[in-house]
Amino acid sequence: MCTSDGDRRDNRRSSSRTSLILLSAAIFFLAAAVIPACAAAPLNATFCVHDGAEAFHAEIEIINAERYAFVEPGILGEEIPSSVTNTTLRHTDNQTPAEFKEDAFGRSISFEKGNYTIEYDAALKNKNFQFIFNALYNITLYLPQGYDVRNPLLGATGTGSVVSTVDSRYLTEELAAKNVTFTGGNGTIKVFWQNRAFADCRFYDDQQVFLLEVFGSIWLAVAAIFAVPYIMTRRRME
Numbered sequence: 168m169c170t171s172d173g174d175r176r177d178n179r180r181s182s183s184r185t186s187l188i189l190l191s192a193a194i195f196f197l198a199a200a201v202i203p204a205c206a207a208a209p210l211n212a213t214f215c216v217h218d219g220a221e222a223f224h225a226e227i228e229i230i231n232a233e234r235y236a237f238v239e240p241g242i243l244g245e246e247i248p249s250s251v252t253n254t255t256l257r258h259t260d261n262q263t264p265a266e267f268k269e270d271a272f273g274r275s276i277s278f279e280k281g282n283y284t285i286e287y288d289a290a291l292k293n294k295n296f297q298f299i300f301n302a303l304y305n306i307t308l309y310l311p312q313g314y315d316v317r318n319p320l321l322g323a324t325g326t327g328s329v330v331s332t333v334d335s336r337y338l339t340e341e342l343a344a345k346n347v348t349f350t351g352g353n354g355t356i357k358v359f360w361q362n363r364a365f366a367d368c369r370f371y372d373d374q375q376v377f378l379l380e381v382f383g384s385i386w387l388a389v390a391a392i393f394a395v396p397y398i399m400t401r402r403r404m405e
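Using the working numbering, you'd call the opening residue of the sequence shown number 168 and step up by one each time.
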């Protein structure tokens with residue numbers, strides 16, 4: 168039986184469509200496999216508040232960079248230059264120290280292009296931690312013993328934060344080697360943000376908790392002083 172020219176053309180078209188569909192499916196599955204693999208390694212930033220809550224220690228990963236500017240968020244969320252101390256730079260892959268140059272004001276550093284981990288110390292005001300990034304980060308904040316964020320009347324954490332307690336005693340020795348005074352312990356507060364470009368945390372100390380309890384007790388006593396005569400008057404009227 169002979170096949171007509173029309174049948175041959177139809178077969179070729181059908182074969183081409185099948186090949187195109189298979190090629191598209193292969194590209195789709197390849198992209199689906201590659202994209203999650205690329206997104207599986209987010210950058211990390213870790214912050215530890217010094218004892219006394221007047222400064223924090225930062226450890227931030229950067230990739231494919233040749234300059235880093237030290238900034239902090241302004242009133243409107245804009246980036247403003249920040250002064251830092253004890254700056255160090257090391258290669259992320261092998262953790263060896265790397266050379267860098269500071270600008271005249273010490274508010275940025277430049278270095279050979281690559282992947283690095285930057286560490287430095289910066290001032291902290293009024294127990295209010297805020298940090299802004301130019302990319303998405305997994306952000307971890309550790310508070311020293313005696314500080315907390317979980318009382319909503321005194322503390323607050325930014326959107327997407329997860330608060331937990333951890334054993335941070337190992338951090339005490341690690342940070343001491345970097346001239347950072349941090350008292351860790353079993354029950355240290357840890358605040359974590361996943362894939363965020365901004366972190367915000369207001370925390371408090373034991374003294375603030377004591378003052379809140381005193382104020383609350385005084386308020387309840389005053390309320391009772393005025394409430395008792397009012398209740399007694401209402402009962403007489405009834």
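Glycine included, each C-beta is placed from N, C-alpha and C at the ideal position.
Identified DSSP bridge partners for residue i
| i | result |
| --- | --- |
| E226 | T213, E286 |
| A366 | F298 |
| F403 | According to the sequence provided, residue 403 is Arg. The question's Phe does not apply to it. Partner(s): none; R403 has no beta bridge. |
Classification of residue i by the beta-carbon crowding that lies within 10 angstroms, buried from 16 upward
| i | result |
| --- | --- |
| G322 | buried |
| V347 | buried |
| F223 | buried |
| Y337 | exposed |
| I285 | buried |
| E228 | buried |
| I356 | buried |
| L378 | exposed |
| F272 | exposed |
| K294 | buried |
| V329 | exposed |
| T332 | exposed |
For residue j and residue i, the rounded distance between their alpha carbons
| i | j | result |
| --- | --- | --- |
| R406 | L303 | For the chain, the structure presents residues 168 to 405; residue 406 sits outside this window and is missing. |
| S335 | H217 | 13 Å |
| N211 | F382 | 40 Å |
| Q361 | F393 | 49 Å |
| K268 | N253 | 13 Å |
| D315 | E266 | 37 Å |
| T339 | T324 | 24 Å |
| I230 | F214 | 19 Å |
| P264 | E380 | 49 Å |
Anticipated Cβ contact below 8 Å, residue i with residue j, distance rounded
| i | j | result |
| --- | --- | --- |
| S275 | E233 | Actually they do not touch by this definition, with Cβ atoms about 11 Å apart. |
| A289 | S249 | 6 Å |
| I299 | V251 | Not quite, the Cβ-Cβ distance comes to about 14 Å (not below 8 Å), so this is no contact. |
| V376 | N318 | 7 Å |
Cβ contact (3+ pairs, closer than 8 Å) linking the stretch 301 to 310 and the stretch 365 to 373: When Cβ pairs closer than 8 Å are counted between the two stretches, the stretch 301 to 310 is seen to touch the stretch 365 to 373, the count reaching three or more.
Three-pair Cβ contact test at 8 Å for the stretch 281 to 295 versus the stretch 255 to 265: They touch, by the three-pair rule.
Three or more C-beta pairs below 8 Å linking the stretch 383 to 401 and the stretch 340 to 359: Three or more Cβ pairs closer than 8 Å define a contact, and the stretch 383 to 401 falls short of that threshold against the stretch 340 to 359.
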